[in-house]
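Numbering (the numbering used here), first residue to last: 72 to 219.
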Amino acid sequence: AVSADHLLQASDFGISQLAAKKVIATLLPGTAFSLKEHYADARKMIDSHCAVALSTDLNPGSCFTNSIPLIISLAALHMNMRIEEIITALTINGAAALSREKETGSIDVGKQADIIILDFPSYHFLPYHIGMNIVKTVIKSGNIVAEN
Numbered sequence: 072a073v074s075a076d077h078l079l080q081a082s083d084f085g086i087s088q089l090a091a092k093k094v095i096a097t098l099l100p101g102t103a104f105s106l107k108e109h110y111a112d113a114r115k116m117i118d119s120h121c122a123v124a125l126s127t128d129l130n131p132g133s134c135f136t137n138s139i140p141l142i143i144s145l146a147a148l149h150m151n152m153r154i155e156e157i158i159t160a161l162t163i164n165g166a167a168a169l170s171r172e173k174e175t176g177s178i179d180v181g182k183q184a185d186i187i188i189l190d191f192p193s194y195h196f197l198p199y200h201i202g203m204n205i206v207k208t209v210i211k212s213g214n215i216v217a218e219n
């Protein structure tokens, strides 16, 4: 498997196996939030050398948000992730969880140039404005597709 999702109750052995097999732990903090469950232990996974991806898991049964800003805040506040880890989890690791890291997920020559420009002085501010849309410009495949 390329990735495993949710992992709210992953055991130490399970985490060690994810790391050993290089399976990406795709964590979905919006689900834990919506269901009032314990959050996945992202800190233990990262410290155990697991690659972690983050996503919303938007669906009508267990997660009612498509807000990446909310996911960022939940990951920082409840999963003990540093902002640099969150950015990695949302970009290159997210692309890798979908087996798309060769075409997207980072700014590199030959990749799609999917980029967002934020209306903030620093990426360090991301977790502190829960649920706010701070996107100024969206660039998809090198073309501006939205601007605020």
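Think of the CB as a built atom: it goes at the ideal place given N, C-alpha and C, for glycine as much as any other residue.
Simplified DSSP state of residue i, which is helix, strand or coil
i, result
"G218", "According to the sequence shown, residue 218 is Glu rather than Gly. DSSP places E218 in strand when its eight states are reduced to three."
"N137", "coil"
"A75", "strand"
"K258", "This structure cannot settle anything about residue 258, because the visible part of the chain is limited to 72 through 219."
"I205", "coil"
Burial state of residue i, where buried means 16 or more other Cβ atoms lie within 10 Å
i, result
"P100", "buried"
"L106", "exposed"
"G176", "buried"
"A96", "buried"
"I142", "buried"
Bridge partner(s) assigned by DSSP for residue i
i, result
"N130", "C134"
"V94", "DSSP lists no partner for V94."
"A124", "T97"
Can you confirm whether the segment 81–101 touches the segment 122–142 when touching is taken to mean that 3 or more C-beta pairs between the two stretches lie within less than 8 Å? yes
Per the contact definition of three or more C-beta pairs closer than 8 Å, is the segment 163–177 in contact with the segment 108–120? no
Is the segment 184–192 in contact with the segment 146–156, if contact means three or more CB pairs nearer than 8 Å? no
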